[in-house]
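According to the numbering used here, the sequence shown is numbered sequentially starting from 2.
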Amino acid sequence: MIWINVGIIVLAIVGLGIYGFSLYKKKISKDVTLMKQLLERFSIRQQTLQTGIDHTTSRIDQIKGNVDHLIAEGKRVEQGGRQLLVEGQRLKKEVEHTAGLKPF
2 MIWINVGIIV LAIVGLGIYG FSLYKKKISK DVTLMKQLLE RFSIRQQTLQ TGIDHTTSRI
62 DQIKGNVDHL IAEGKRVEQG GRQLLVEGQR LKKEVEHTAG LKPF
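Okay, here's the thing in structure tokens:
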């Protein structure tokens, strides 16, 4: 008789465990679904941000290239200006010599 009571108690505990697990599984499935949706939204936002970062990086590289080109052109113009100054001074001396303002 005692074994029957113990068996009924064990079956009741196992039944309650299975019922509790099924309820828990239903709640977990909702949480898992919500988590999947949140991860999908996060990945979409991450892709959007990465696209923006890539675009900004390419624009920065392009601007840097333009600045480097402007610096190189500035140096070339500066060199040309120096050459013009030297040539102007040489021409001035030659004009002075030719006009007789200074002896050769």
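Virtual Cβ for every residue (Gly too), placed ideally from N, Cα, C.
Rounded straight-line distance, which links the Cα of residue 29 to that of residue 4: 36 angstroms
message: Tell me the DSSP secondary structure of residue 36 in three-state form.
response: helix
message: I need the straight-line Cα distance from residue 35 to residue 22, nearest angstrom please.
response: 20 angstroms
query: Helix or strand or just coil, what does DSSP make of residue 103?
result: coil
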